[in-house]
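Visitor: Heads up: the sequence lines are chains A and B, in that order.
Per our numbering, the first sequence starts with residue 1, numbered consecutively.
Per our numbering, the second sequence starts with residue 823, numbered consecutively.
Cβ coordinates follow ideal geometry from the N, Cα and C atoms, glycine included.
Please read through the structure below; I'll follow up with questions.
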Amino acid sequence: MGDSRGGCCPPMDLFRSEPMQLVQLIIPMESARLTVAYLGDLGLLQFKDLNSEKSPFQRTYAGQIKKCGEMARTLRFFKEQMLKAGLSPSATSVAQTDIDVDDLEVKLGELEAELIEMNANGEKLQRSYNELVEYKIVLKKAGDFFPSAQQSATAQRREMESNQMGEESIETPLLQEQETSTDLSKQVKLGFITGLVPRGKSMVFERILFRATRGNLFLKQVPIEAPVTDPVSGEKMEKNVFTVFYSGERAKNKILKICDAFGANRYPFSEDRGKQAVMISEVSGKISDLKSTIDAGKLHQDHLLRTIGDQFEQWNLKVKKEKLIHHTLNMLSLDVTKKCLVAEAWSPVFAKKQIQEALQRASVDSNSQVGAILQVLHTRELPPTYFRTNKFTAAFQEIVDAYGVAKYQEANPGVYTIVTFPFLFAVMFGDWGHGICLLLATLILIVREKKLSSQKLGDITEMTFGGRYVILMMSLFSIYAGFVYNECFSVALDLFGPSAYACRDLSCRDAYSIGLIKVRNTYPFGVDPAWHGSRTELPFLNSLKMKMSILLGVAQMNLGIILSYCNATFFGNCLNIWFQFIPQMIFLNSLFGYLSLLIILKWFTGSQADLYHIMIYMFLSPTDELGDNQLFQGQKTVQHVLLLLALVSVPWMLLPKPFLLKRQHENRQRGQSCTPVQVTDDTLHSEANHSHGHGHGHEEFEFGEVFVHQLIHTIEFVLGAVSNTASYLRLWALSLAHSQLSIVFYEKVLLLAWGYDNIVILVVGIIIFIFATVGVLLIMETLSAFLHALRLHWVEFQNKFYEGDGYKFYSFSFALIHDEGD
Amino acid sequence: MYGFEAMTFNIHGGYLEAIVRGHRAGLLTPADYNNLCQCETLDDIKMHLSATEYGPYLQNEPSPLHTTTIVEKCTLKLVDEYKHMLCQATEPLSTFLEYITYGHMIDNVVLIVTGTLHERDVQELLEKCHPLGMFDSIATLAVAQNMRELYRLVLVDTPLAPYFSECITSEDLDDMNIEIMRNTLYKAYLEDFYKFCQKLGGATAEIMSDLLAFEADRRAVNITINSIGTELTRDDRRKLYSNFGLLYPYGHEELAVCEDIDQVRGTMEKYPPYQSIFSKLSYGESQMLDKAFYEEEVKRLCLAFEQQFHYGVFFAYMRLREQEIRNLMWISECVAQNQKSRVHDSVVFIF
């Protein structure tokens, strides 16, 4: 991660990753915590897990980690409570004296207990309050329909009686008679239950009641308009007031059970109207009493939460730090005497002094009699890769790391990426009008850098913000390339003086370049504006951009191969120089280097030679006469030599290396320690391990495997030389697409709208033009050009030299806690 | 359409199959079990589980943990996953998923009815019910006095209603006929599920019929063993066996007349797939039978994942997760009661 280290960096060396060393720290038990805390502040060590075979809870500091987890849980609980109460932890935490962890634990525990008790009390009160509110509603609603229900019931009964009296025909069902008679006799025992039932369940409730009592009941329901708070769950829900009339004890029991099952709260109710009124006033009185109690409790709770909120961030940070410290301590192994901890960690060589200082400080601050000891270990293990980047280079390094982290001390393509990446992008995106738009957009991001980096951004915004300096470079190069192509929103302007060409006579029109003659000196910078809009514009630009793409491609691939030379010399690998670097250089340059030479020659001489023809027949029939296609004297001989060199370089790449490796291996087996050619990659450590033998322990040597590997490598390079060069033609293709698209938008939208001479159409046209320019040309084209530039770097450039099989240096640092958040 | 699922399965089932396979990858590994078995306290278990998919469900539990909390939270995770899948499912997968829960529904009904018979508090019983087998009016079950009422009052609204047709009697409920009711319901349920899977056809039918047949056979064996020495007649016993499976019909005839465990063993050893299970047990022993069956079941469930484009994976995943929760419960019980030596007795590893 490229954390900005202010501006005071030591001289930056991005080309090779920082030299690392494995250090062993022996820390006395009593100062271990403080030491690790200071090292975390420093953030320049990557601890190795020395207890990886132990499960997490068997480690030394498992207890402390559990404690931290418990504290973190308490803090989450506080946060939840604060959210519930609508408070947010204040960002400007009161700067307080450093609080001890144990004290903090006690304090958190106390606060939690207090809060829980408060909540419990509050809940109890709230519950009874809600119950009373429900009761009041029931009293009101039931009071309304009770008399009416009874009236209708008596009316019904009277009707029944009259029916019975009136017509005692055969049709009168016998059962009904029985029913009414029993009804009459048991009328005294007719009981009722009132209460509230959730509206969603009311239908099922009614159905079950009906089934359970076999229809021997009368149920009346009235919906309540506003949702009420359920006393049990504390959630707001819509409910119905119900009253059930039943007869008999058994039915009552059943109904009570069903009420329980449906979570229907029952409330006592009196038939007497007078009593009802008394109850209502009683309940109202209680409600207001409770309300004031609850409010007082709430106030108290708010106060408590506010005090917690003041220090919340501080505590949170403290707990996180503590957890990290103990996780790190768990990675250290316990000394046999159990008096000190032994740590192994990777650190950059330059950090040794700082680490020692931190150790010293820790031992002084913890009043330890013995200081911690630091010693450098020698190892054959490959150290992690660590680049010290700043905010400008970080994004470019990220581009490289996304492909693969560099092997330790391998040549870093990131250095070149800083220039070549935006440059290749600009070749595809060349339009200085669009470039300026892009520049303005990034300048906004860069100017508001401080503000934006402190706040949380969306996914896409964050990505754009992270790559702001990449975009800055891309836009600057696009402006440059735009001037070269002479395009501003696809319009050619003559900024650098008048065009070199003019019409020979009046009959010549813009669309033809045939009638033009050169009247002045060559246009000083970029493409002459006279080409624009002429019939030969496209053939001319295509030829120019295509040739330019090949030149750029060959140049970048050569750079890649040269970097492989740098790696070989750095790691002292002569074999790679003689049997990889040299034949590769020869192969690439005898074919495509020669092509580049021809291109440049053709530009200088203005010859009409057909370069395709030359290249193709150089292979197909090398002995043929060149005829018109001859560009220089002795071209045929040169071609013969080049062809021969290319042919020779293929077996040169393929054959010697595996056999030499085999011989080296055999020599080593015989115990001859002095081999002329060193294969080992890590010469740094080889002197330390000389007595143990060479290399990183690959004593097994499979000739077949090595040979196949070399075969694949050779085939890949030979084919790759052709296909990669062709791949660079995407520079031309994308640049063409970009300029053609912008011409379409300019001519078919803006100029068309202009032609109508109507203000409405003009405004609409301008709006469409702006949206198309921003959406398609600025955003989508930027993305696609970015991706193609990325591919050219990852595949065509880096496959020439980059191993990318290292691993990153992840330092143990508290700085990362602030970033993650939650 | 057998063999052509690959062409159309992913239109509706592809997303969920991916989901369920992802969930399956989150099952605890042998390394996890190894670590869990070494735990000293429940807090250790929590700490270890916090590194697994159960982490978010357990992280906010205050420290003195109970086994029930762990099990509850782990079940909650399963329920959440199930609900998510059910929401995303279309026909016929949604019906298939619903079928999976009917077994729990039957268990819950029996639990509540037995509980009320022994005069337990309904609320307490409800907490013990498996959340996958809950339905709206489940609490009302306490009201019923006999099977007929049970059916008429409550179950008529539930998906279990069709299974009830065979056991509507007016007899008062007692332990014996509740158990018979459970097995009758289960039989009807398994047969219905089996028919449904056959209707779906293809790989689903093939794999599910294997899994369900195993389930039916296991139940048949369990019914036989449990009914030895009770007043259940041979014919009644015979009626409780599901009408499919490897043992149907000849095995059932033999099981129906078995009078001790060794006769059951003799019957079962005629069937090659079950021979291996019984060969592990010594004569006269039935304690380890459950575990042996579970192990065999887990093996079969894992095999269901080897084939693509069928619904069996959903069934298999739910069952595997349930087995995992049973394992966790056993481990945490052993840890909580300081019986660590017995920890391996009942844990069925899922690989």
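At which residues does the alpha helix (DSSP H) containing V763/A begin and terminate?
Guide: Run containing V763/A: 759-772, per the alpha helix (DSSP H) assignment.
Visitor: Grouping DSSP H, G and I as helix and E and B as strand, with all else coil, what is Q354/A?
Guide: Note: Q354/A maps to helix in three-state DSSP.
Visitor: Please decide whether P884/B counts as near chain A, where near means a Cβ-Cβ distance under 8 Å.
Guide: Taking Cβ atoms only, chain A reaches closer than 8 Å to P884/B, which makes this a yes.
Visitor: What separation, rounded to the nearest whole angstrom, lies between the Cα atoms of E687/A and R380/A?
Guide: Because the pLDDT at E687/A is just 42, under 50, the model does not fix this residue reliably, and the point stays unresolved.
Visitor: Are the C-beta atoms of S247/A and some chain B residue less than 8 Å apart?
Guide: It does not: the Cβ of S247/A has no partner Cβ on chain B nearer than 8 Å.
Visitor: What does the Cβ neighbour count give for G200/A, buried or exposed, with the cut at 16 atoms within 10 Å?
Guide: It counts as exposed.
Visitor: Thinking V901/B and P953/B are a contact (beta carbons under 8 Å), I'd like their distance in whole angstroms, please.
Guide: About 5 Å; that satisfies the 8 Å criterion.
Visitor: Could you check whether T74/A and A142/A sit closer than 8 Å to each other, using their CB atoms as the reference points?
Guide: Not closer than 8 Å, so no.
Visitor: Examine chain B for any beta-carbon lying closer than 8 Å to the beta-carbon of S202/A, and answer yes or no.
Guide: By this cut-off, S202/A is not an interface position.
Visitor: When burial is assigned at 16 or more other CB atoms within 10 Å of the CB, is I823/A buried or exposed?
Guide: In this structure chain A extends from 1 to 822, so residue 823/A is not present and cannot be described.
Visitor: Find the residues of chain B that neighbour R211/A, judging by a C-beta separation of less than 7 Å, and give them in chain order.
Guide: Result: R974, L975.
Visitor: Expressed to the nearest angstrom, what Euclidean distance is found between the alpha-carbon atoms of S673/A and H665/A?
Guide: Because S673/A carries a pLDDT of 49, less than 50, the predicted location of this residue cannot be relied on, and the following value inherits that uncertainty. If I take the Cα positions, the gap works out to 11 Å.
Visitor: Can a CB atom of chain A be found closer than 8 Å to the CB of C861/B?
Guide: For C861/B, the answer is yes, since a Cβ of chain A falls inside 8 Å of its Cβ.
Visitor: Quick check on DSSP: helix, strand or coil for Y246/A?
Guide: Correct three-state label for Y246/A: strand.
Visitor: DSSP three-state label for P878/B, please.
Guide: The answer is helix: DSSP assigns P878/B an H, G or I state.
Visitor: With Y501/A as the anchor, note down where its beta strand (DSSP E) starts and where it stops.
Guide: Counting along the chain, the beta strand (DSSP E) containing Y501/A begins and ends at 501-503.
Visitor: Any contact between the region 878-885 of chain B and the region 66-81 of chain A? By contact I mean 3 or more CB pairs, one from each, below 8 Å.
Guide: In short, these stretches touch, since the Cβ pair count reaches three.
Visitor: Could you check whether K67/A and S284/A sit closer than 8 Å to each other, using their CB atoms as the reference points?
Guide: Contact flag unset, no.
Visitor: Quick one: measure Cβ to Cβ for E30/A and S366/A, integer angstroms, because I've assumed they're closer than 8 Å.
Guide: Their Cβ separation, rounded to whole angstroms, is 6 Å, which keeps E30/A and S366/A in contact under 8 Å.
Visitor: I'd like the list of long-range same chain contacts for G69/A, defined as Cβ closer than 8 Å, with 5 residues on each side in sequence excluded.
Guide: If we look at G69/A and ignore the five residues flanking it on each side, its Cβ neighbours are K323.
Visitor: Find out if the Cβ-Cβ distance for the pair P348/A, Y386/A is shorter than 8 Å.
Guide: Result yes, Cβ atoms of P348/A and Y386/A sit closer than 8 Å.
Visitor: Could you tell me which of T1046/B, I1099/B, P878/B sits nearest to R1060/B, measuring between CA atoms?
Guide: Closest option to R1060/B, Cα to Cα, is T1046/B.
Visitor: For K518/A, which beta-bridge partners are listed by DSSP?
Guide: Its beta-bridge partners are Y501/A.
Visitor: Taking all protein chains shown into account, decide if Y904/B is buried (16 or more other Cβ within 10 angstroms of its Cβ) or exposed.
Guide: It is buried - the Cβ of Y904/B has at least 16 other Cβ atoms within 10 Å.
Visitor: Between N1065/B and chain A, is there a C-beta pair that is closer than 8 Å?
Guide: It does not; no Cβ of chain A falls within 8 Å.
Visitor: To which residues of the same chain is L684/A closer than 7 Å at the C-beta, ignoring the five residues directly before and after it?
Guide: A caution first: L684/A carries a pLDDT of 42, below 50, which makes its placement in the model too unreliable to give a value.
Visitor: Near D528/A, what residues of its chain come up, given a Cβ to Cβ distance below 7 Å and the 5 sequence neighbours on each side ignored?
Guide: Here the set comprises S499, A500, Y501.
Visitor: With distance defined between alpha-carbon atoms, name the residue in K547/A, C566/A, L591/A, F571/A nearest to R730/A.
Guide: R730/A has its Cα closest to that of K547/A, out of K547/A, C566/A, L591/A, F571/A.
Visitor: Hey, does V1169/B have any beta-carbon neighbour from chain A nearer than 8 Å?
Guide: Not one chain A Cβ lies under 8 Å of V1169/B.
Visitor: Please specify which runs of the alpha helix (DSSP H), each continuous and at least 4 residues long, are wholly inside the region 1023-1089 of chain B, giving them in chain order.
Guide: Segments of the alpha helix (DSSP H) lying fully in the region 1023-1089 of chain B: 1024-1049, 1056-1062, 1072-1078.
Visitor: Just to confirm the assignment, what range does the alpha helix (DSSP H) spanning K201/A have?
Guide: Residues 199-212.
Visitor: Please name the residue, chosen from F771/A, L620/A, Q580/A, D310/A, that lies closest to I715/A on a Cα-to-Cα basis.
Guide: Selected option, being the one with the closest Cα: Q580/A.
Visitor: Anything in chain B within Cβ reach of P658/A, meaning under 8 Å, just list it in chain order.
Guide: Per Cβ cutoff of 8 Å: no residues; P658/A is ~41 Å from chain B at best.
Visitor: So, is G925/B buried or exposed, given that buried needs 16 or more other C-beta atoms within 10 angstroms?
Guide: Looking at its Cβ environment, which holds 16 or more other Cβ atoms inside 10 Å, G925/B is buried.
Visitor: Can you tell me whether Q156/A is buried or exposed? The criterion is at least 16 other CB atoms within 10 Å of its CB, across all chains shown.
Guide: Burial call: exposed.
Visitor: Thinking C-beta only, is I586/A closer than 8 Å to S649/A?
Guide: Yes, the Cβ-Cβ distance between S649/A and I586/A is below 8 Å.
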